[in-house]
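Asker:
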Amino acid sequence: MPIWSARAWSTRRASAERWARAARRWREVPWSARWDAAAILGLWVGAEGALRVLPLRRVCRTFGVRWRAGPPRGGVGAPGDDPASLDPEVLTRVEATCARVDRVLRVARPRDGCLRRALVLGHLLRDLEPTLCIGVVRGEGPFTAHAWLEIRGVSVPEPVGSAPGDVVPLREL
């Protein structure tokens, strides 16, 4: 398609308008939230780079997250996976941190970013000793993996629609 075509021009124009809207919204964000967003994006980029050159166990150690192939009780949303079993203060902190990270990464992340999201959250919540769990999606179709965090045996909340339905931990395969 030539550079001067109407379709290419409208696509560029839509992209420029989208960036302009994002810049206007960014000016309205308080400075403390900007620093927080920059830190989260920096962790995201660090996770991406580390995953490309280091083994997963080393990346987990670097981010302060324990790694396990899968939870012993059976995956995301398993019975006994009740967030109420956490202390109310811990639960509030975990939910607030998830909301902050998801708000920042909603703009920047690709669709399949569960491992990087788990590493960023794990680093921010490392004093709670989170565990990175990895599993595969059972069913027809292409192979799909999923990663999530657990704190004290409870899965950390995920963005709506991001967690696949039937995840089998790698340990059970």
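In the working numbering, the protein residues as written are 97 to 269. Beta carbons: idealized from backbone N, C-alpha and C, even for Gly.
1) Output the boundary residues of the beta strand (DSSP E) element that contains V233.
2) Mind checking whether L228 and W140 have CB atoms under 8 angstroms apart?
3) Taking the beta carbon of A134 as the centre, do at least 16 other beta carbons fall within 10 Å, making it buried, or is it exposed?
4) For R148, tell me which candidate among E246, P226 and L211 has the shortest Cα-Cα distance.
5) I'd like to know if the stretch 225-240 and the stretch 194-204 are in contact, where contact means that at least 3 CB-CB pairs between them fall below 8 angstroms.
6) What did DSSP end up calling E144 once you bin it into helix, strand or coil?
7) Sorted by chain position, which residues of the same chain lie with C-beta nearer than 6 angstroms to S111's C-beta, five sequence neighbours on each side aside?
8) Applying the criterion that 16 or more other CB atoms from any shown protein chain within 10 Å of the CB defines a buried residue, is L150 buried or exposed?
9) Thinking just about the alpha-carbon of each residue, which of I136, E144, A195 and G145 is nearest to the one in E254?
10) On the three-state DSSP scale, how would you describe E246?
11) Could you give the first and the last residue of the continuous beta strand (DSSP E) run that contains R164?
12) Just to confirm my understanding: we take R153, look at its own chain, exclude 5 residues before and 5 after, and list those with CB closer than 8 angstroms. What are they?
13) Can you tell me whether V288 is helix, strand or coil according to DSSP?
14) Tell me, please, which residues DSSP counts as bridged to A241.
15) According to DSSP, is L263 part of a helix, a strand, or is it coil?
Answerer: The relevant details are as follows:
1) T227 to V233
2) no
3) exposed
4) L211
5) no
6) helix
7) none
8) exposed
9) A195
10) strand
11) R162 to R164
12) W163
13) Residue 288 is absent from the model: the chain starts at 97 and stops at 269.
14) V232
15) The residue you asked about is not Leu; residue 263 is Val in the sequence shown. Reduced to three states, the DSSP call for V263 is strand.
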